[in-house]
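Structure first, then comments.
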């Protein structure tokens, strides 16, 4: 399928603040203002033994909580909240649907960043999972759909721990406060203080396999 054919088949659904869902809009013409004010598509739940770490991060950029579903997503939020060109962040901004290779596909990107250079749709995935056929296939058609609007698409994987440390330590909002992030955040669910303190203190970045 060509990019043009794909773009014609893409639809988007958005959850609004009142929990009403605007369904199956034409992706190419869906208003950016609607996407900007979207609520997270999924509602995450915590359960005993879960392998991922869900929570909320107080983002200075939006002056509100933004959800994440893994430490890696939390790291991406930290970078977005620090970046001077990022003006707004939306978590799980919409559900995309597209007919690809004769079947309807569905995907919920992790973040929508509104930047000085235009919207950026972000998917966060550990590097070791990027070559899985299903993941690669989903990201390929998502990239094509995003590009059809002239937007950027980003697949974000593990950063260098020193980059996380530098970003948090350089944050202007916490200069002189003893804190190492742009704004304080709250971690809920099964993440203990020992697990989450890397996100509060300079130099406490997760390392080693499985830590993200």
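Numbering (this note's numbering), first residue to last: 4 to 215.
Ideal Cβ placement from N, Cα and C applies to all residues, glycine included.
With residue 115 and residue 28 assumed to form a contact (beta carbons below 8 angstroms), what rounded beta-carbon distance in angstroms separates them?
Between residue 28 and residue 115 the Cβ distance is about 15 angstroms, and since that is not below 8 angstroms, they are no contact.
Distance CB(residue 113)-CB(residue 95) smaller than 8 angstroms
It is a contact, given that the beta carbons lie within the stated cut-off.
Hey, would you say residue 139 sits closer than 8 angstroms to residue 10, going by beta carbons?
No.
Three-state secondary structure (DSSP) at residue 104?
Residue state, collapsed to three classes: coil.
From residue 90 to residue 141, what does the alpha carbon distance come to, in whole angstroms?
Within the model, the alpha-carbon separation for residue 90 versus residue 141 is close to 27 angstroms.
Unbroken alpha helix (DSSP H) run spanning residue 141, endpoints:
Where residue 141 is concerned, the enclosing alpha helix (DSSP H) stretches over 136-150.
Endpoints, the alpha helix (DSSP H) within which residue 39 is located:
Per DSSP, residue 39 belongs to the alpha helix (DSSP H) from 35-39.
What does residue 156 pair with, by DSSP beta-bridge criteria?
Beta-bridge pairing links residue 156 to 124.
Is DSSP giving residue 73 helix, strand or coil here?
DSSP places residue 73 in coil when its eight states are reduced to three.
Exposure label - residue 57; buried when at least 16 CB within 10 Å:
Under this definition residue 57 is a buried residue.
Whole angstroms is fine: what's the gap from residue 143's alpha carbon to residue 8's?
Residue 143 and residue 8 have their C-alpha atoms some 14 angstroms from each other.
Between which two residues does the beta strand (DSSP E) containing residue 61 stretch?
Here the beta strand (DSSP E) through residue 61 covers 58-62.
Mind checking who residue 118 pairs with in its DSSP beta bridge?
DSSP lists 89 and 121 as partners of residue 118.
If residue 41 sits next to residue 66, beta carbons under 8 angstroms apart, how far is it from one beta carbon to the other, in whole angstroms?
The C-beta distance from residue 41 to residue 66 rounds to 17 angstroms, too long to meet the 8 angstroms contact threshold.
For residue 23, which residues of its own chain have a beta-carbon under 8 angstroms away from its beta-carbon, when the five flanking residues on both sides are left out?
Sequence-distant partners of residue 23 (beyond 5 residues in either direction) whose C-beta falls short of 8 angstroms from its own C-beta are missing from its chain.
State yes or no: is the C-beta of residue 92 within less than 8 angstroms of the C-beta of residue 78?
No, the Cβ-Cβ distance between residue 92 and residue 78 is not below 8 angstroms.
Return helix, strand or coil for residue 207, following the three-state DSSP convention.
Low confidence applies to residue 207: its pLDDT is 38, below 50, so where it sits in the model is not reliable enough to give any reading.
Residues bridged to residue 14 (per DSSP):
Bridge partners of residue 14: 29 and 100.
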